[in-house]
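Heads up, the thing below is written out as structure tokens.
Residue numbers (this note's numbering), protein chains in the order written: chain A, 1 to 251; chain B, 1001 to 1272.
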């Protein structure tokens, strides 16, 4: 298995505040890593460091064997949905095409290949029938699918998702996570989430992040990890789900 | 009105109004969707320093305004990224500093400053033909640059972070967009004046924003609205002997209020 991303002893400081402390993480092909942790624990910072939007103050980040800024065209990124103006005059097709900006290049229009990639990406997330819809005419789940299509249009080897289900209503969440599982056959995924139960069902490995990263490269979490992450005792509940993040534990 | 068209000053006024409408429609749309109205106000007011310098050194004050507004645009684009000054603070500071420079320069210039009021509040009936040519050149630059970077500017306005991730040079393009705002300010100075520019940039685009769902349509509709407002304002100000720039702005503002009221009303009726 090839290495998709590796972070070794990465520190990120902003104005004297440490957001990430000595974080090491290695991501391989086919990985589906869920990252949970409290608000302000550095989850979004970790994703932005992988994308090269934030420079680490110490340590090394390598994505697809390249520095992050060079590799970021081959990384699909789906940011937190709160960042968008839903009234912005743009339709589904135009959003999906944005994923091709890096490929199309400056001073040129989108090529036939770019259009094909955007088409394919919309089909993959089952939104091809909504191309001419304005983004405000979609449900939260559909909007999120369009943003995933935009990330897929870049033909990524690694997909980064920041709280992807926060805007998806609960009835639609199962289908949404199943889509991610399917995408995972073609690319590694790192998903940041608050939703421990969702993470437990669909991801293959789990990490806890609260400045420090607690990660064992397995789908199982320990009570110690969770306590260290949330800095308070966390009750462990084992789910009877296909993937289990928590070990069975004595009552 | 028709017999007025034979006068050179009236022909110039109408051409100036139409040229202004193109700039405010295209760039105003970006300003509104990218929430840059305050930055535009800052750039416009800072350009007063250049007007003053023109009076002091004896060149066309509009040329001075061009240099100062471009300088202010570049400063605003870089200062907030390189220092810990917030964007909000830097806008206010550049806004007032540019005005202060203008006041000092005009004070130092010998004698009386003719037409000063027209630079501040516009005077569409006295636009000289030389300024019409300048407006035409600036409009052309604006249209060519927007056509070249259309997909990047749109992406940048919708989602700057994603654009950066896929490799769009966002820092550079943000500066280019700010410079286009500076050019728009200069195009509009003769029509509505430095103090009122911000309204002509924001109002037509804000009306278009209410009922268009694509950026291109928004630009087209705001340009048409800008043309209607400047011509209607010009005609009203001539008939009622009012200040032209202020009349254009008030016509625009009333139309915006009517549009918002209409949308509110139809929505209530739909829901009833």
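Backbone N, C-alpha and C fix where the C-beta goes; we use that ideal spot for every residue, glycine too.
Note that the structure is a prediction, hence the values are computed from the model and not measured.
Candidates the options: closest to residue i by CA position
i, options, result
"residue 1254 of chain B", "B:1206, B:1122, B:1239, B:1238", "B:1206"
"residue 1123 of chain B", "B:1267, B:1264, B:1247, B:1265", "B:1247"
"residue 1033 of chain B", "A:90, A:48, A:49, A:54", "A:90"
"residue 162 of chain A", "A:18, A:169, A:76", "A:76"
"residue 1170 of chain B", "A:56, A:211, A:106, A:3", "A:106"
"residue 1149 of chain B", "A:165, A:101, A:87, A:73", "A:101"
"residue 1168 of chain B", "B:1178, B:1202, B:1109, B:1156", "B:1156"
"residue 196 of chain A", "A:87, A:92, A:209", "A:209"
"residue 1070 of chain B", "B:1119, B:1103, B:1048", "B:1048"
"residue 92 of chain A", "A:47, A:143, A:58", "A:143"
"residue 1098 of chain B", "B:1050, B:1079, B:1081, B:1120", "B:1050"
"residue 73 of chain A", "A:194, A:175, A:160, A:213", "A:160"
"residue 1022 of chain B", "B:1058, B:1257, B:1191", "B:1191"
With 16 other Cβ atoms within 10 Å as the buried cut-off, status of residue i
i, result
"residue 171 of chain A", "exposed"
"residue 1133 of chain B", "exposed"
"residue 1261 of chain B", "exposed"
"residue 1135 of chain B", "buried"
"residue 66 of chain A", "exposed"
"residue 49 of chain A", "buried"
"residue 178 of chain A", "exposed"
"residue 205 of chain A", "buried"
"residue 1127 of chain B", "buried"
"residue 1129 of chain B", "exposed"
"residue 1203 of chain B", "buried"
"residue 1046 of chain B", "buried"
"residue 88 of chain A", "buried"
"residue 132 of chain A", "exposed"
"residue 1084 of chain B", "exposed"
"residue 1117 of chain B", "exposed"
"residue 211 of chain A", "buried"
"residue 1054 of chain B", "buried"
"residue 1014 of chain B", "buried"
Under 8 Å between C-beta atoms of residue i and residue j
i, j, result
"residue 190 of chain A", "residue 27 of chain A", "yes"
"residue 1194 of chain B", "residue 1062 of chain B", "no"
"residue 1230 of chain B", "residue 1017 of chain B", "yes"
"residue 79 of chain A", "residue 1162 of chain B", "yes"
"residue 20 of chain A", "residue 12 of chain A", "yes"
"residue 1222 of chain B", "residue 1041 of chain B", "no"
"residue 64 of chain A", "residue 157 of chain A", "yes"
"residue 153 of chain A", "residue 121 of chain A", "yes"
"residue 1187 of chain B", "residue 1115 of chain B", "no"
"residue 1141 of chain B", "residue 1043 of chain B", "no"
"residue 145 of chain A", "residue 123 of chain A", "no"
"residue 1178 of chain B", "residue 1065 of chain B", "no"
"residue 1056 of chain B", "residue 1109 of chain B", "yes"
"residue 35 of chain A", "residue 192 of chain A", "yes"
"residue 181 of chain A", "residue 202 of chain A", "yes"
"residue 1010 of chain B", "residue 1039 of chain B", "no"
"residue 1029 of chain B", "residue 1208 of chain B", "yes"
"residue 99 of chain A", "residue 118 of chain A", "yes"
"residue 199 of chain A", "residue 150 of chain A", "no"
"residue 81 of chain A", "residue 167 of chain A", "yes"
"residue 1233 of chain B", "residue 1244 of chain B", "yes"
Three-state secondary structure assigned by DSSP to residue i
i, result
"residue 1113 of chain B", "coil"
"residue 28 of chain A", "strand"
"residue 12 of chain A", "strand"
"residue 111 of chain A", "coil"
"residue 55 of chain A", "coil"
"residue 1044 of chain B", "helix"
"residue 1230 of chain B", "helix"
"residue 1152 of chain B", "helix"
"residue 84 of chain A", "coil"
"residue 1174 of chain B", "helix"
"residue 1011 of chain B", "helix"
"residue 1169 of chain B", "coil"
"residue 236 of chain A", "Low local confidence applies: a pLDDT of 45 at residue 236 of chain A is under 50, so the model's placement there is unreliable, and no value is given."
"residue 1085 of chain B", "coil"
"residue 144 of chain A", "helix"
"residue 1033 of chain B", "helix"
"residue 1264 of chain B", "helix"
"residue 1004 of chain B", "helix"
Sheet register partners of residue i (DSSP bridge)
i, result
"residue 76 of chain A", "A:159"
"residue 34 of chain A", "A:191, A:206"
"residue 62 of chain A", "A:6"
"residue 20 of chain A", "A:12"
"residue 212 of chain A", "A:210"
"residue 91 of chain A", "A:134"
Below-8 Å beta-carbon distance, residue i vs any chain D residue
i, result
"residue 98 of chain A", "Going by chain labels, chain D is absent from the structure shown, which instead holds the protein chains A and B."
Cβ-heavy atom distance, residue i to the ligand FMN, below 7 Å
i, result
"residue 1132 of chain B", "Absent from the structure shown: the ligand FMN. Ligands present: none."
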